[in-house]
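Chemist:
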Amino acid sequence: MKTVFARLLSCGMALLATGAIPQKEAWKWTPEERMDARFAQTRPADAGGDRSVTGKDNPELLLPTELFRTLVDLTVVPEDPKFRAHFQEKFRIRAKAANLGDDFLEVMEATTRDYVSERVRVRRLSKADLKAGAEAQYASSLALCALVTRGLSDLRKRYGAEAFDRFLYTAVAPETNVSTDMNRDRLLFMERGCS
Numbered sequence: 005m006k007t008v009f010a011r012l013l014s015c016g017m018a019l020l021a022t023g024a025i026p027q028k029e030a031w032k033w034t035p036e037e038r039m040d041a042r043f044a045q046t047r048p049a050d051a052g053g054d055r056s057v058t059g060k061d062n063p064e065l066l067l068p069t070e071l072f073r074t075l076v077d078l079t080v081v082p083e084d085p086k087f088r089a090h091f092q093e094k095f096r097i098r099a100k101a102a103n104l105g106d107d108f109l110e111v112m113e114a115t116t117r118d119y120v121s122e123r124v125r126v127r128r129l130s131k132a133d134l135k136a137g138a139e140a141q142y143a144s145s146l147a148l149c150a151l152v153t154r155g156l157s158d159l160r161k162r163y164g165a166e167a168f169d170r171f172l173y174t175a176v177a178p179e180t181n182v183s184t185d186m187n188r189d190r191l192l193f194m195e196r197g198c199s
């Protein structure tokens, strides 16, 4: 464990020394800067597992689409009304503090309606449907990817890109943990709407 920590620490220090880690607010990083730092700081997938990022500790390593999906997953998608209400109240307060307005959640829900409908449809597919329709599953994945990017873009236009991104990185990142075995190029492909 000490060896892993020492390696991560030395890797992080080397990046700081070379200037590879940007010295700016988390919401101002480019997707490429995020991925460079993530892949330098997190455990390699080939070392026996996924790369994990905890937004509370390293918000700058998360992509905007990852944070946007977390926001939607916590406030719009959940079928458990108590769970959904808990996070809706939490983010309503945070959105108001970020000057995004009292109707932020309603605007977000309307903006993400197509994405949420597609997510629910895909989740309800039976295992047999998924096995029989790999092509359909791939098409659904691409559609979901594009819908996330479109929703994020629409909310950035409505609230201003910097204001909305600041909200994602200060209000949503602390609630976000991501673990994935995807490589840098795949994550950037998804960040760009899978196109």
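The opening position of the sequence shown corresponds to residue 5 in the working numbering, with each subsequent residue numbered one higher.
We put the beta carbon where it would ideally sit given N, CA and C, even for glycine.
#1: Unbroken alpha helix (DSSP H) runs of length 4 or more, entirely within the segment 111-161: which are they?
#2: What do you get for proline 68, buried or exposed, if any count of 16 or more other CB atoms within 10 angstroms of its CB means buried?
#3: Per DSSP, what are the beta-bridge partners of threonine 74 in this structure?
#4: Quick check on DSSP: helix, strand or coil for leucine 184?
#5: Can you tell me which residues form a DSSP beta bridge with valine 57?
#6: Ordered along the chain, which non-local residues of its own chain (more than five positions away) have a Cβ less than 6 Å from that of glutamate 195?
#7: Please report the distance separating the alpha-carbon of leucine 78 from that of arginine 98.
#8: Tell me, please, whether the segment 72-92 touches the segment 112-121 by the rule of three or more beta-carbon pairs shorter than 8 Å.
#9: Express the C-alpha separation of phenylalanine 95 and leucine 146 in angstroms, rounding to a whole number.
#10: What's the call for glutamate 93, buried or exposed, on a 16-neighbour Cβ count within 10 Å?
#11: Among Lys100, Thr74 and Ala101, which residue has its Cα nearest to the Cα of arginine 88?
#12: Output the distance between the C-alpha atoms of threonine 174 and serine 199, rounded to the nearest integer angstrom.
#13: Who are the near neighbours of threonine 22 in its chain, counting only those whose CB is closer than 7 Å to its CB and skipping five residues on each side?
#14: In angstroms with no decimal places, state the Cα-to-Cα distance between aspartate 40 and lysine 161.
#15: Would valine 152 pass as a contact of leucine 71 if the rule is Cβ separation under 8 Å?
#16: Roughly how many whole angstroms lie between the Cα atoms of serine 56 and arginine 170?
#17: Taking only three categories from DSSP, how would you classify arginine 11?
#18: Under three-state DSSP, which class holds glutamate 36?
#19: Short check: CB of aspartate 54 to CB of aspartate 189, under 8 Å?
Modeler: Reading it off the structure:
#1: 117-128 and 131-136
#2: buried
#3: Answer is none; threonine 74 lacks a bridge partner.
#4: Looking at the sequence shown, residue 184 is not leucine but threonine. Residue state, collapsed to three classes: strand.
#5: Val182
#6: Pro35, Leu67 and Thr69
#7: 14 Å
#8: yes
#9: Approximately 28 Å, taken between the alpha carbons.
#10: exposed
#11: For the residues Lys100, Thr74 and Ala101, the minimum Cα distance to arginine 88 belongs to Thr74.
#12: 28 Å
#13: Interpretation of threonine 22 is limited by its pLDDT of 41, a score under 50 that renders its predicted location unreliable; the figure taken from the coordinates is listed afterwards. In the same chain as threonine 22, and ignoring 5 residues on each side of it, no C-beta atom comes closer than 7 Å to its own.
#14: 27 Å
#15: no
#16: 22 Å
#17: At arginine 11 the pLDDT is 41, less than 50, meaning the model places this residue with poor confidence and gives no usable figure here.
#18: Helix, per DSSP.
#19: no
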